[in-house]
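Trainee:
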Amino acid sequence: MASVNKPTRKPLTLSVKLDIIYKLQNGYSNARIFREYALSTSTVSSIWSKREKYLGAQTQTNPNVKKYGNQKGKRHGEKVSGNTIANCFRHAGLIAETEFTEEDELPLARLQEEGRDLTQWDQSNNISDFDDTDLRQYELIDENLEVAEYPDYLHIVQPIMNPPKDEDSNEDEPEEEVEISTAKEAMIALKTVMSYVECKYPEKEQFLNAADQLEQDINIEILSSRNKQNKITDFFQ
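Just so we're aligned, residue 153 is where the sequence shown starts under the working numbering, counting upward by one.
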């Protein structure tokens, strides 16, 4: 049986090893490194044990860079010491004098761990006090507030009965008067409509009967408005 050669992994470059070392220094777990780089725990441990060698090789490659974190620029703010920050504030004129404690120089991982311990302690001490509080007394805290009232019909119809005045409207502006047609104009329009209905909808007898009655009423209005007879043809219009 022919042997199957397993694919060999490419050797890790110095930059990758330094990146792993830097992440381990900042609290990355071996499991997280394994997921990101697909490396075994033994390989990660080997890189960590030889970190001084790799960091020294990086310094020889680039003498101007003392730390790998400064060269990469990743999370460099976590590597700034308290003295550097204080000097920045002092040069800006924000503080006159500075006092430092040993806690200012604690590693970030230790500060995070102490912060978690403090949070857990605070929560454990506040749980008993919180349980002693009767929250039911706050159920009806908004009972007497006006915003909690149900709107009645007056609130609903008020905007309709008294609509808000439009500030842009001019109350002094006179309303446009609709010009009323004369009886003769109405008669002409009525005859036009009747002619259309008789041609298109001859079965609309009810409408035609109403139009005939309306025509008679308009004729009476025309005749009654005349004081005297001017022309015999007025009676045939």
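Ideal placement from N, C-alpha and C gives every residue a C-beta, glycine not left out.
As the structure is a computational prediction, the values presented were derived from the model and not from experiment.
#1: Just how far apart, CA to CA, sit Gly221 and Lys169?
#2: May I ask you to report which of helix, strand or coil DSSP gives Ile185?
#3: Between Glu355, Val330, Glu329 and Leu360, which has its C-alpha nearest Thr344's C-alpha?
#4: Measure the alpha-carbon distance for His243 versus Val232 and round it to whole angstroms.
#5: State the Cα-Cα distance for the pair Tyr180 and Gly234, rounded to the nearest angstrom.
#6: Using a 10 Å radius around the Cβ and a threshold of 16 neighbouring Cβ atoms, would you call Tyr174 buried or exposed?
#7: Quick one: what does DSSP say Asp364 is sitting in, helix, strand or coil?
#8: Tell me whether the beta-carbon of Ile370 lies closer than 8 Å to the beta-carbon of Ala341.
#9: The alpha helix (DSSP H) that contains Val168, what's its start and end?
#10: Mind checking which residues open and close the alpha helix (DSSP H) that includes Asp198?
#11: Please report the Cβ distance between Tyr206 and Leu166, rounded to the nearest whole angstrom; I am assuming they are in contact, meaning their Cβ atoms lie under 8 Å.
Mentor: Considering the structure as presented:
#1: As a position in the sequence shown, residue 221 is number 69, starting the count at 1. As a position in the sequence shown, residue 169 is number 17, starting the count at 1. Unreliable placement is indicated for Gly221, whose pLDDT of 47 sits below 50; the coordinate value is still reported in the next sentence. Cα to Cα, the separation comes out at about 13 Å.
#2: Counting from one through the sequence shown, the residue named residue 185 turns up at place 33. In the structure shown, Ile185 sits in a helix (DSSP, three-state: H, G or I).
#3: Against the sequence shown, residue 344 aligns to sequence position 192. Measuring from the Cα of Thr344, the nearest candidate turns out to be Leu360.
#4: What you label residue 243 is simply residue 91 of the sequence shown in a count that begins at 1. What you label residue 232 is simply residue 80 of the sequence shown in a count that begins at 1. In this model, His243 and Val232 are separated by some 16 Å (Cα to Cα).
#5: Along the sequence shown, read from residue 1 onward, the residue named residue 180 stands at position 28. Along the sequence shown, read from residue 1 onward, the residue named residue 234 stands at position 82. Rounded to whole angstroms, Tyr180 to Gly234 spans 23 Å at the Cα level.
#6: The sequence position of residue 174 within the sequence shown is 22, counting from 1. Tyr174 comes out buried.
#7: By one-based count along the sequence shown, residue 364 stands at place 212. Helix at Asp364.
#8: Locating residue 370 in the sequence shown gives position 218, counting from the first residue. Locating residue 341 in the sequence shown gives position 189, counting from the first residue. Going by beta carbons, Ile370 and Ala341 fall outside the 8 Å limit.
#9: Counted from its first residue, the sequence shown places residue 168 at position 16. Element bounds for Val168: Leu166 to Gln177.
#10: In the sequence shown, the residue the question calls residue 198 occupies position 46. Checking the displayed sequence, the identity of residue 198 turns out to be Ser instead of Asp. From DSSP, the alpha helix (DSSP H) with Ser198 extends over Thr193 to Ser201.
#11: The residue labelled residue 206 in the question sits at position 54 within the sequence shown. The residue labelled residue 166 in the question sits at position 14 within the sequence shown. Contact holds; Cβ gap of about 6 Å.
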